[in-house]
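A.B. asks: One structure follows; several queries about it will come next.
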Amino acid sequence: MMRSAKQAQSGAALIISLIILVILVIIGLAAMRTSLLEEKMAGNSRDMALAFQAAETALRDAEAWLDAQTNDPLPTEDGNNRIWNSEQGDLDANWNNNLPWWQEPTRGTVWWQDNGVQYGADITNVTTRPMTIIEYLVEIPDDQVIQDGNRDTGRSFYRITARATGGSNQSRVLLQSTVAKRY
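For the sequence shown, this note's numbering gives the first residue as 7, with consecutive numbering after it.
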């Protein structure tokens, strides 16, 4: 018995192959988006690492400068001799919000350029040189007894704050250290 050549086809193979193709396209797009997101995360991580390294470099430089001083530098209200008085001056513009000065929203790039000390050397792959601010905190004498009107030697404490950017100005790092120096 012979069958007719004109047999009705159902077309199920075409529909199934189109569904599989759509699924493969969706998987490909998801993989591409994941890859792009991972690339952005790697770039941001690199920027933060560069900013952190630049801030550490500036922090070490300010610590070395402070260590090289033979006489106790006098803190000023405007930091014009590189040492700010932490109890006075323009470091905290808003005393009412209970935020430390470095968390103030107005402490952007322009404020740091006006008030900070720029790190002297170029640092590769960062957009701007890091800046530092040294604050005089307190002097603690070694002996609380005053003899002959003169106090014995003690230690002066300073807080050093460094701000740096990475490969873009979007990544910013603030680092702080506290240094005790005996004069």
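Note that beta-carbon positions come from the ideal geometry of N, C-alpha and C, so glycine has one too.
Every value quoted in this text rests on a predicted model; they were computed, and no experiment measured them.
For chain B, find out if any of its Cβ atoms is closer than 8 Å to the Cβ of T159; answer yes or no.
C.D. replies: No chain B is present in this structure, which holds just one protein chain.
A.B. asks: In three-state DSSP terms, what is V185?
C.D. replies: In the sequence shown, residue 185 corresponds to position 179, counting from 1. It is a strand residue.
A.B. asks: In the DSSP assignment, what are the bridge partners of P147?
C.D. replies: As a working note, residue 147 is residue 141 in the sequence shown. Note: P147 sits in a beta bridge opposite G160.
A.B. asks: Indicate whether L181 and A61 have their beta-carbon atoms separated by less than 8 Å.
C.D. replies: Stepping through the sequence shown from its first residue, residue 181 is reached at position 175. Stepping through the sequence shown from its first residue, residue 61 is reached at position 55. Yes, the pair counts as a contact, with Cβ atoms nearer than the cut-off.
A.B. asks: Helix, strand or coil for T40? Go by DSSP, reduced to three states.
C.D. replies: In the sequence shown, counting from the first residue as 1, residue 40 sits at position 34. If DSSP states are grouped into helix, strand and coil, T40 belongs with the helices.
A.B. asks: Can the beta-carbon of L72 be found less than 8 Å from the beta-carbon of I140?
C.D. replies: Along the sequence shown, one-based indexing puts residue 72 at 66. Along the sequence shown, one-based indexing puts residue 140 at 134. Contact flag set, yes.
A.B. asks: Could you spell out where the alpha helix (DSSP H) holding N121 opens and where it closes?
C.D. replies: The residue given as residue 121 occupies position 115 in the sequence shown. Counting along the chain, the alpha helix (DSSP H) containing N121 begins and ends at T115 to N121.
A.B. asks: Is DSSP giving E93 helix, strand or coil here?
C.D. replies: On the sequence shown, position 87 is the one that residue 93 refers to. If DSSP states are grouped into helix, strand and coil, E93 belongs with coil.
A.B. asks: DSSP three-state label for Q124, please.
C.D. replies: For this step, residue 124 is matched to residue 118 along the sequence shown. Three-state DSSP puts Q124 in a strand.
A.B. asks: Look at T171 and V116 and say whether their C-beta atoms are less than 8 Å apart.
C.D. replies: Here residue 171 corresponds to residue number 165 of the sequence shown, with the count starting at 1. Here residue 116 corresponds to residue number 110 of the sequence shown, with the count starting at 1. No, these two residues do not count as a Cβ contact at 8 Å.
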